[in-house]
Every structure is written in C-alpha cells, then in structure tokens.
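Trainee:
In my numbering, the protein residues as written are 1 to 399.
1. Could you pull the start and end residues of the beta strand (DSSP E) that residue 300 belongs to?
2. Is the beta carbon of residue 185 sitting closer than 7 Å to the one on residue 148?
3. Can you tell me where the alpha helix (DSSP H) with residue 178 in it begins and where it stops?
4. State the DSSP-derived secondary structure class of residue 34, mapped to helix, strand or coil.
5. Return yes when at least one heavy atom of the ligand FAD lies under 6 Å from the C-beta of residue 199, else no.
6. What would DSSP say about residue 88, mapped onto helix, strand or coil?
7. Touching or not, the region 157 to 175 and the region 188 to 199, by the rule of three or more beta carbon pairs under 8 Å?
8. Is it right to say residue 366 is buried, meaning 16 or more other beta carbons lie within 10 angstroms of its own, or is it exposed?
9. Suppose contacts are defined by Cβ-Cβ distances below 7 Å. Is residue 316 in contact with residue 131 by that definition?
10. What separation, rounded to the nearest whole angstrom, lies between the Cα atoms of residue 321 and residue 166?
11. Measure the C-alpha to C-alpha separation of residue 390 and residue 221 and round it to an integer number of angstroms.
12. For the beta strand (DSSP E) that residue 400 lies in, which residues bound it at each end?
13. State whether the region 89 to 97 contacts the region 36 to 54, with contact taken as three or more CB pairs (one from each stretch) at a distance under 8 Å.
14. Just checking my contact of residue 346 with residue 303 at CB under 8 Å: how many whole Å lie between their CB atoms?
15. Which partner residues does residue 293 have in the DSSP bridge list?
16. DSSP beta-bridge partners for residue 109?
17. Return the bridge partner residues of residue 346 from the DSSP annotation.
18. Residue 282 and residue 342 look like a contact to me (Cβ under 8 Å); what is the Cβ gap, rounded to whole Å?
19. Are the beta-carbon atoms belonging to residue 263 and residue 225 less than 7 Å from one another?
20. Going by beta carbon distance, what residues of the same chain come within less than 6 Å of residue 32, once the five residues before and after it are set aside?
21. If we ignore side chains and look at the alpha-carbon of each, how far apart do residue 368 and residue 377 end up?
22. For residue 139, list the residues DSSP reports as bridge partners.
23. Going by DSSP, which residues form a beta bridge with residue 184?
24. Name the DSSP bridge partner or partners of residue 70?
25. By DSSP's criteria, residue 308 is part of a beta bridge. Which residues make up the other side?
26. If you draw a straight line from the C-alpha of residue 359 to the C-alpha of residue 329, how long is it?
27. Would you list the residues sitting across from residue 225 in a DSSP beta bridge?
28. Would residue 14 pass as a contact of residue 61 if the rule is Cβ separation under 7 Å?
29. What does the alpha-carbon distance come out to for the pair residue 332 and residue 339?
30. For residue 160, does the three-state DSSP call read helix, strand or coil?
31. DSSP three-state call for residue 321: helix, strand or coil?
32. Could you give the DSSP three-state label for residue 82: helix, strand or coil?
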C-alpha cells in the first residue's frame, strides 16, 4: 500500500527528473498500513544535499510555493495542496549519526537508506517505500516492522540501549505510541528503557513536554503514563505525579494509590469527552491528570479518623504554575484553566450533604464561571464511589 499514491507518484516523477533516489519513510508508511490518516509526510533521499534539492524541485513543480530550508540540519519542508487541504512534506538526505555520551547533539554524516533506517526509534517507523519509477511501491523493511505492526509490538531496530542512548526521547515516544496505538512494548525494549531512563536528563524540557502532551491527547493516556512510571522515566520528568504512587497502611487503615487513581480519572475524562477533538479538551485532560497532585504533600494519618489530605486542592493549584514552567508548557490562559480546575475540583464534594443551600451552589457557579461545564465533567470523571444514591445526589444539584 502506497500512502497518497497519486501524490507519491508526482513526487517520484520530480525525483526522477533530477536523478535523486527518494523514499517515503516512517509514520506515513506505518499509518497507511494501519489505515490511519496523516497530514505530515517524511521523505529520505540519497546523496549529499539531495533532500534540499528535491524539496526545492517539488516546490517549484507542484505549486508548493517556497521550500523552507534548514541548512544546518540538511532538511527542507514544503506545503502542497492535496484534496482541498495542505500537506506538509519534509525532506532529508539519508544520514548516519553517532553521539557522544554526554551530548544530545549527534555527529551527522551522509549515509545510505540502511543507515537512515538504523537510526529510527522503532521497527514500525523504519519502514520505507521507494518512489522512483523503476522501484515505485517497493517496501523496504529490514527489521520486520510489518510483522511487528501485525503483532502490535514496539521494538527497536538496533539494540535498545544503543537506540535509547543515542536519542533518549525515543523512550518517551515508546510510551506515546503505546498510548496512541494500543501497542505492547517488547520485553527487551522495555528493559532497555528502564536501563537508560537516567539518560532522559539530557533532553530539553520542550521536547519532553511535546511528548507528554501527545500522551495526554491519546485515546488511552493511562497506558503511556504506566509505561513512564514502570520504567522510572516519570520520576525524572514529572516527579510531582510519580510521588503520588504507593499505598501506606497504619492500624489497618489504607488509602488508595493516588497515582493510579489519577490516570484512571484521566481515562474516565477522555471517555466523557470522546466526541470532542482532543486538542480542544487538552487542558481539561491535564487538570484530570494533576487534580490530586497536592495529595503527596498533604497526606496525614489522624488517629480515629484515618488518612486525610486536607487542602490538597489548594496545594495542588499552587503547584500547577511550577510544573508548567518546569516542563515549558504554556503559562497563559491554558495553565490558568488547569490551575483553576484543580483548585475547584473538590468544592462540589461539600454539596453532597442533603442540607446544601442554594446559596452554596450559587457561590460555586460564580467561582467556576465559564469553567462550570468542564468542572462538572472533571467531577464525574473523579467519582469512584460504590454508592449510586450518593453519586446521584452529588451530581443532581447541577443538572
């Protein structure tokens, strides 16, 4: 299967005209085989400077305007019209990379297609399809990526330790693909992630945040966060969340594991907003993920009462700006939305009482303002009570 076959044939014809071997690679091939759509297409070419040359030729011959060239990276991007929308085409010459242990910047050399496939993160992203007329549609799969696609498996092309040490962000991409695609991480690859988890410290917070955002927007985010937690990555990139893990017991009194509770609430929320675009609900999703983030700091055992987390919503709300700044997440109204929802998420609990007054409801409605609908979605996602009558009473004040 050739993704966007008509478009690929046109690009292949341009490549033939300038005598450049060209291949569509990575996610576009993977998604075509999975029946998923994509708007970004990646191309690898052979020969020094060939990626930029092909991009410029495509822009000139396919009404793509100007090619955006990034000479320091040997890459170029072109936007072309296709089926009443614009497709982003990215071109790069095949290369091989080597890394110094203490650096995230590779030493890059011109390489072969095999070299380029070797440096891919997972076998399912190391697939390539030839575009030139003599080989058009030929699938190049040196690592059994199609077999792994069929098995729903994430596996590195080379030894996991080498793949993850070369670019530690690939470990986060593994968690993200697990959440997006519902794939399992192959045991040896999973062990490699655990072994190289410390290596994530050299990756910029901006790159880390982008992967976390994609996990949060995925169909089942808990899958990605479980991978991050189990490999030791989460404690390095989002310790405030991993600190919630674990259960303590005193005199037979136990509290729930607030990490697993938090990611379950996030999954619950995703189900509730399934009809809305993930991008539209992203900051509500972040609020679900972090709604109990203040509990690690407020946990107390009180004789005769048990475990308490008094004020965790206020403590958590104060933590949100610090978490966002550390991860280089937006600190504008999106952060404020997340913070306010965290601060308000426990307020409706006080309204469970049968004697709740109308004025108490009005105060909450006033304080929540435009966030009231999202707040009530968060409340619904957060309910784990086994008492249906209590749940109905809890929500009935707002229906």
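Beta carbons are placed, not taken as given, at the ideal position from N, Cα and C, and that holds for glycine.
All of these numbers come straight from a predicted model, not from anything done at the bench.
Mentor: Quick look at the numbers:
1. 300 to 302
2. No, the pair does not count as a contact, with Cβ atoms beyond the cut-off.
3. Its alpha helix (DSSP H) spans residues 169 to 181.
4. helix
5. The ligand FAD is not among the ligands present in this structure, which contains no ligands whatsoever.
6. strand
7. yes
8. Residue 366 comes out exposed.
9. Residue 316 is not a Cβ neighbour of residue 131, given a cutoff of 7 Å.
10. 32 Å
11. Because the pLDDT at residue 390 is just 45, under 50, the model does not fix this residue reliably, and the value given afterwards should be weighed accordingly. Their backbone Cα atoms lie some 28 Å apart in a straight line.
12. Outside the shown range of the chain, which is 1 to 399, sits residue 400, and nothing can be said about it.
13. Touching, yes, given that three or more Cβ pairs across the two stretches are closer than 8 Å.
14. So it is not a contact: roughly 24 Å between Cβ atoms.
15. DSSP output for residue 293 lists no bridge partner at all.
16. Bridge partners of residue 109: 96.
17. Note: residue 346 sits in no beta bridge, so no partner.
18. With a Cβ gap of about 15 Å, residue 282 and residue 342 do not count as contacting.
19. At the C-beta level, residue 263 and residue 225 come within 7 Å of one another.
20. 1, 3
21. 13 Å
22. Under DSSP, residue 139 takes part in a beta bridge, and its partners are 129.
23. Paired residue(s): 153.
24. 75
25. 300
26. 37 Å
27. DSSP output for residue 225 lists no bridge partner at all.
28. Yes, these two residues count as a Cβ contact at 7 Å.
29. 11 Å
30. helix
31. helix
32. strand
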